[in-house]
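Report on the following structure.
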Amino acid sequence: MIVARALENELYFFQYLSTRDEMSESAYYFHTHQGIEILYVYEGSGQVILDDRFYAVHPRTLLIFKPFQLHYIRMDVPPKYTCSLIKVKPIFMEQCASVFPQCHDLISGFLNDDGSSQIFGLNEAQHAQLHEKFRNLNEILQTSGSRQFHEEAVILFLFTFFVNLVTTVMPNAEAGKPVKPLRTTQHIGRILKWIDAHYKERYTLDRLAEELHFSVSYMSKLFRRQTGKSIHEYITEKRLDQARLLLHTPKSVEAISEETGFHSPSHFIRTFKAKYGVPRINTDWAQLSGTSRRNERIMQFLNRFLLPGVLYA
Numbered sequence: 001m002i003v004a005r006a007l008e009n010e011l012y013f014f015q016y017l018s019t020r021d022e023m024s025e026s027a028y029y030f031h032t033h034q035g036i037e038i039l040y041v042y043e044g045s046g047q048v049i050l051d052d053r054f055y056a057v058h059p060r061t062l063l064i065f066k067p068f069q070l071h072y073i074r075m076d077v078p079p080k081y082t083c084s085l086i087k088v089k090p091i092f093m094e095q096c097a098s099v100f101p102q103c104h105d106l107i108s109g110f111l112n113d114d115g116s117s118q119i120f121g122l123n124e125a126q127h128a129q130l131h132e133k134f135r136n137l138n139e140i141l142q143t144s145g146s147r148q149f150h151e152e153a154v155i156l157f158l159f160t161f162f163v164n165l166v167t168t169v170m171p172n173a174e175a176g177k178p179v180k181p182l183r184t185t186q187h188i189g190r191i192l193k194w195i196d197a198h199y200k201e202r203y204t205l206d207r208l209a210e211e212l213h214f215s216v217s218y219m220s221k222l223f224r225r226q227t228g229k230s231i232h233e234y235i236t237e238k239r240l241d242q243a244r245l246l247l248h249t250p251k252s253v254e255a256i257s258e259e260t261g262f263h264s265p266s267h268f269i270r271t272f273k274a275k276y277g278v279p280r281i282n283t284d285w286a287q288l289s290g291t292s293r294r295n296e297r298i299m300q301f302l303n304r305f306l307l308p309g310v311l312y313a
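In full-length UniProt numbering, the protein residues as written are 1 to 313.
Below, the structure is given as structure tokens:
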């Protein structure tokens, strides 16, 4: 197994030609990223679930995941699975909007278009072109250049990638088509749809199982087997993902905790700390009040932990 060294800082993450011939069950789970993710498969086959649709993955498959877009990838390993991967925070590109306004608008248009294809099968020429882009970026990031030089290289890669995607790949490449899933994955899809509609509410497994006509035992075991986590863990992570988005708005801690299904601000804070390992500070979380000054301090504290580890969690 050759897992390429990750080249990263708090704004981007890059792996070039990473090969695996074994993967544990814990590697397969539904997840999201705070950033844009571009994944290109060189070797291997499997399936991806995106927007409740199932797609086959083969060599020369290009996949693009938008920020906070739920997805699941399961590759058939062994044999080998080889890919290149880059993830970038959207705020990173926002910094260059004034320099490349047209490119920035093009990328924003793609990300905001709910109907745009995100999975493509590339032909040989498209494969060679994309591989060369990844190889060049890897060579640059392996050098001892400055941080700013590396970040500019990542930005240029992204802009040229998306320009090529929209103008050349999307009109000509074979867009991924949904495939009929197995019965078990159909069941998972139904569970996910229910969670998406009700995760902000108080829930019980009995209610979920009754509405979907499953037994609690079957539903719980199936979900853990397919996703690597319990339904409760998944709902908690979904709530936290939504809360992270709202942390960048003027909304109070009380409003955010209520909108994302947490019972109280203190419950939200405890859950956030448990997930991201936030260290203890001199604040009595159990006595949180609704004052704007304390809300401001809490927001400032939480935002300190929305950087590297959270981006790729």
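For every residue, glycine included, the Cβ atom is placed at its ideal position computed from N, Cα and C. This structure is a prediction, so every number in the text was calculated from the model and none was measured.
The DSSP assignment places 147–164 as complete runs of the alpha helix (DSSP H) inside the segment 138–164, in order along the chain (cut-off: 4 residues).
Beta bridge pairing from DSSP links I119 with L63.
Around V48, the same chain offers Y55, V57 and I73 as residues with beta carbons nearer than 6 Å, after the five sequence neighbours per side are excluded. Looking at D76, A197 and S230, the one whose alpha-carbon comes closest to that of G261 is A197.
For H104, the enclosing alpha helix (DSSP H) stretches over residues P101 to N112.
When only Cα atoms are considered, Q226 and T32 end up about 16 Å apart.
Its Cα nearest to that of P79, the residue P59 stands out among L63, A97, I91 and P59.
In this chain, the alpha helix (DSSP H) harbouring Q226 covers V216 to T227. Where E22 is concerned, there is no enclosing alpha helix (DSSP H), because DSSP gives it neither an H nor an E. Inter-segment contact for the segment 244–255 and the segment 210–223 is absent: fewer than three beta-carbon pairs are separated by less than 8 Å.
Out of E174, S257 and H127, the CA that lies nearest to the CA of S84 is found in H127.
Rounded to whole angstroms, the separation of the alpha carbons of F157 and L165 is 12 Å. Non-local beta-carbon contacts of F92 in its own chain, meaning distances under 6 Å to residues more than five positions away in sequence, involve L11 in chain order. Annotation: the continuous alpha helix (DSSP H) that includes L208 extends over L205 to L212. With a threshold of 16 other beta carbon atoms within 10 Å, R135 falls short and is exposed. When rounded, the separation of the alpha-carbon atoms in K229 and D114 is 28 Å. For D21, the CB contacts under 8 Å within the same chain, skipping 5 residues up- and downstream, are M1, V77, P78, P79, K80 and Y81 in chain order. In its chain, beyond the 5 residues on either side, V216 have a beta carbon closer than 7 Å to the beta carbon of D206.
Between G35 and K87, the gap from beta carbon to beta carbon is short of 8 Å. DSSP, reduced to helix, strand and coil, places Q34 outside both helices and strands of the structure shown, so it counts as coil.
The three-state secondary structure of R202, taken from DSSP, is coil. Under the three-state reduction of DSSP, L11 is assigned to coil, being neither helix nor strand. Between the C-alpha atoms of T61 and S220 there is a straight-line separation of about 32 Å.
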